[in-house]
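Following: one structure in structure tokens, then a few remarks.
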Amino acid sequence: MKEATLKEYSEDYYQFHATRWISKFHIIRYIQFLLKQAEIKWLDIGCSRGYLIQELLQNNIQPYGIDISLMAFKDMPINIRSKVSLGSISYIPYKNETFDVISVFDVIEHIHPRETKQAFQELNRVLKKRGFLILTTPNCAYIGDWIHDLTHINVRPLAYWIRMFRSNGLKVKKEYVPSFLKYYVQQKYNFLLPIQDKVCFFCEEPLRYMLGKIFSKRGRLYFLAKKT
Numbered sequence: 004m005k006e007a008t009l010k011e012y013s014e015d016y017y018q019f020h021a022t023r024w025i026s027k028f029h030i031i032r033y034i035q036f037l038l039k040q041a042e043i044k045w046l047d048i049g050c051s052r053g054y055l056i057q058e059l060l061q062n063n064i065q066p067y068g069i070d071i072s073l074m075a076f077k078d079m080p081i082n083i084r085s086k087v088s089l090g091s092i093s094y095i096p097y098k099n100e101t102f103d104v105i106s107v108f109d110v111i112e113h114i115h116p117r118e119t120k121q122a123f124q125e126l127n128r129v130l131k132k133r134g135f136l137i138l139t140t141p142n143c144a145y146i147g148d149w150i151h152d153l154t155h156i157n158v159r160p161l162a163y164w165i166r167m168f169r170s171n172g173l174k175v176k177k178e179y180v181p182s183f184l185k186y187y188v189q190q191k192y193n194f195l196l197p198i199q200d201k202v203c204f205f206c207e208e209p210l211r212y213m214l215g216k217i218f219s220k221r222g223r224l225y226f227l228a229k230k231t
């Protein structure tokens with residue numbers, strides 16, 4: 004990423020986005036349900052001050068993170084700094100097929116358009132076969148979601164991102180990352196619905212499909228892809 008772009012990421016930028024952090028507990032539980040394995044290595048790209056890293060630790064997942072900001076690295080809790088490296092999505096500092104899961108929450112819109120292809124090649128490289136990639140980004144079909152942020156220099160339509168996934172060996176399973184309602188309710192209201200995970204998953208499937216269609220036309224774009 005260009006140095007001129009990096010100057011946009013001030014202390015105020017990270018402080019503002021810290022106030023907008025939304026727990027990803029429900030997504031973590033959904034991925035655990037899909038993978039059904041005891042050990043999961045998860046890389047969070049653009050990890051900022053390590054909010055997701057801490058949640059992953061609390062859910063017995065091996066967390067790793069990268070971010071371009073030394074400022075964010077210095078501000079994160081000392082106990083998670085060993086899990087985080089300085090780096091960018093275009094040059095991920097890990098070996099081939101290292102991770103079961105990679106999350107890219109609101110990052111891809113910040114890189115130069117010329118770096119997009121390389122970024123997806125890097126994601127494919129470090130993701131294990133049959134591993135999952137979660138990616139969210141603003142939707143250019145909904146101008147209110149991105150025009151206010153001048154650091155959003157790579158906002159593209161849904162079809163562009165689908166092509167980018169497919170051309171880099173990543174099959175989009177869903178165009179909406181599901182909430183896994185059972186755990187969303189637990190997270191928000193401290194109440195665990197007495198429903199088996201597999202039943203909850205099955206019942207939510209029509210809802211996920213409907214929301215995927217809605218979010219492709221307004222609001223944010225959410226993707227869940229699997230390496231083929």
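Our numbering applies: residue 4 is where the sequence shown begins, and numbers increase by one.
Cβ atoms here follow ideal geometry from the backbone N, Cα and C, with glycine treated the same way.
| the segment 40-55 touching the segment 101-112, judged by at least three CB pairs closer than 8 Å | Verdict: yes, contact present.
| Buried or exposed by the 16-neighbour rule on C-beta atoms within 10 Å, applied to Val233 | Outside the displayed range of the chain (4 to 231) lies residue 233, so it cannot be described from this structure.
| task | Indicate the three-state DSSP secondary structure (helix, strand or coil) for Phe102 in the structure shown. | result | In this structure, Phe102 counts as strand in the three-state DSSP scheme.
| said: According to DSSP, simplified to helix, strand and coil, what is Tyr97? | reply: Coil at Tyr97, not helix or strand.
| message | Only counting the same chain, and skipping five residues up and downstream in sequence, which positions put a Cβ closer than 6 Å to that of Pro116? | response | Taken in chain order, the residues that qualify are Asn157.
| request: Enumerate in chain order the residues of its own chain whose CB-to-CB distance from Leu55 is below 8 Å, with the five nearest sequence positions on each side excluded. | output: Close CB contacts of Leu55 within its chain, under the 8 Å cut and outside five residues either way in sequence, are with Lys27, Asp47, Pro66, Gly68, Ser106 and Phe108 (chain order).
| task | Specify, as a first and last residue, the run of the alpha helix (DSSP H) that Leu55 falls within. | result | First-last of the alpha helix (DSSP H) with Leu55: Tyr54 to Gln61.
| task | From the DSSP output, read off the bridge partner residues of Leu136. | result | Looking at the DSSP assignment, Leu136 forms a beta bridge with Ile105 and Ala228.
| task | Enumerate in chain order the residues of its own chain whose CB-to-CB distance from Arg133 is below 7 Å, with the five nearest sequence positions on each side excluded. | result | The answer, listed in chain order, is Lys229 and Lys230.
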